[in-house]
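For what it's worth, the numbering used here labels the leading residue of the sequence shown as 49, then goes sequentially.
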Amino acid sequence: MADKPRCQWATQNQLAQEYHDHEWGVPCHDDQKLFELLTLEIFQAGLSWNTILKKRLAFKAAFDNFDISKISQYSDKKVNALLQNAAIIRNRKKIEATINNAKIVLKLPKSLNEYLWQFIDFKTIKHHYQSYREIPAKTELSIKISKQMKKDGFQFTGPVTIQSLIQAIGMVDDHEIGCFRY
49 MADKPRCQWA
59 TQNQLAQEYH
69 DHEWGVPCHD
79 DQKLFELLTL
89 EIFQAGLSWN
99 TILKKRLAFK
109 AAFDNFDISK
119 ISQYSDKKVN
129 ALLQNAAIIR
139 NRKKIEATIN
149 NAKIVLKLPK
159 SLNEYLWQFI
169 DFKTIKHHYQ
179 SYREIPAKTE
189 LSIKISKQMK
199 KDGFQFTGPV
209 TIQSLIQAIG
219 MVDDHEIGCF
229 RY
């Protein structure tokens, strides 16, 4: 697999390569997986994605495999336990935002999948970038989704975070033209 042409960012290390080759940009419609990726993108803000990939299994364990119902019920005791967990990123505001976001997801009149994918009429938007340097940090679409999510009560869902999310879950295909996944 090392001989396949990939998006330049995916050649940094094995974790990035595996994430790129098997997950990034693959349309995702599973609410629990969508919530996991939303949460990881929130925790990534201000850090490198590689940091998140290294801690991903610890996040899954700490956050009950991203079970939305369980997370929505987290108590102050659980928050304090998470803040003591050195295997994850211990940011109180991001932890509290994750709990809040789980509660918001449960209140949605539709699934998280339908909520997100409705913005693009359930069809992936394919871009044609030569290099990752051409890919914008935010777009009109991510700004629109971010505004709606904030209006609906989601936290830590700015347009840059949402741009990363919609790339990760395959709403937009931002693989470089030379990539085998393009």
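Using N, Cα and C, we set each Cβ at its ideal position, and we do this for glycine too.
Next on the checklist: To test your reading of the DSSP string, which unbroken alpha helix (DSSP H) runs of 4 or more residues are found completely within the segment 66-127?
Outcome noted: Taking only runs of at least 4 residues, the alpha helix (DSSP H) segments lying wholly in the segment 66-127 are 79-92, 97-110 and 116-120.
Checklist entry - Below 8 Å, can you find three or more Cβ-Cβ pairs linking the segment 144-163 to the segment 104-120? => result The segment 144-163 is in contact with the segment 104-120.
Item to check | Status (buried if at least 16 other CB within 10 Å, exposed otherwise) for Leu130 | outcome: Residue environment: Leu130 is assigned as buried (16 or more neighbouring CB atoms within 10 Å of its CB, all protein chains considered).
Checklist entry - Expressed to the nearest angstrom, what Euclidean distance is found between the alpha-carbon atoms of Met197 and Cys227? => result Between Met197 and Cys227, the alpha-carbon positions lie close to 32 Å from each other.
Checklist entry - Is the segment 206-223 touching the segment 155-170, taking contact as three or more C-beta pairs under 8 Å? => result These segments touch.
Item to check | Supposed contact pair Thr187 and Gln203 - C-beta distance, whole angstroms, cut 8 Å | outcome: By a beta-carbon distance limit of 8 Å, Gln203 does not contact Thr187. Their separation comes to about 21 Å.
Checklist entry - Leaving out the 5 sequence neighbours to the left and right, which residues in its chain are closer than 6 Å to Asp14 when beta-carbon positions are compared? => result Any property of residue 14 remains undetermined from this structure, which presents the chain solely from 49 to 230.
Next on the checklist: Which of the three DSSP states is assigned to Ile173 in this structure?
Outcome noted: Of the three classes helix, strand and coil, the one that applies to Ile173 here is strand, per DSSP.
Next on the checklist: Please return the same chain residues whose Cβ sits closer than 8 Å to the Cβ of Arg104, not counting the five positions on each side in sequence.
Outcome noted: Closer than 8 Å at Cβ, skipping near neighbours: Leu88.
Checklist entry - If you draw a straight line from the C-alpha of Val74 to the C-alpha of Leu213, how long is it? => result Cα-Cα distance, rounded: 12 Å.
Next on the checklist: Here's a check: name, in chain order, each residue in its chain whose Cβ is nearer than 8 Å to the Cβ of His176, leaving out the five neighbours to either side.
Outcome noted: Closer than 8 Å at the Cβ level, and outside the excluded window around His176, lie Ile225.
Checklist entry - If you drop the 5 nearest sequence neighbours on each side, which residues of the same chain put their C-beta closer than 7 Å to that of Ile100? => result Leu88, Phe91 and Gln92.
Item to check | Buried or exposed (CB count within 10 angstroms, at least 16 for buried), Thr205 | outcome: Buried, by the Cβ-count rule.
Item to check | Contacting residues, own chain, Cβ-Cβ under 6 Å from Trp57 (five flanking each side not counted) | outcome: Counting only Cβ-Cβ distances below 6 Å, and skipping sequence neighbours, we find Tyr180.
Checklist entry - Among Asn98, Asp115 and Ser194, which one has its Cα closest to the Cα of Lys151? => result Of Asn98, Asp115 and Ser194, the residue nearest in Cα terms is Asp115.
Checklist entry - For the candidate residues Leu85, Gln60 and Asn61, whose alpha-carbon lies nearest to that of Trp72? => result Trp72 has its Cα closest to that of Leu85, out of Leu85, Gln60 and Asn61.
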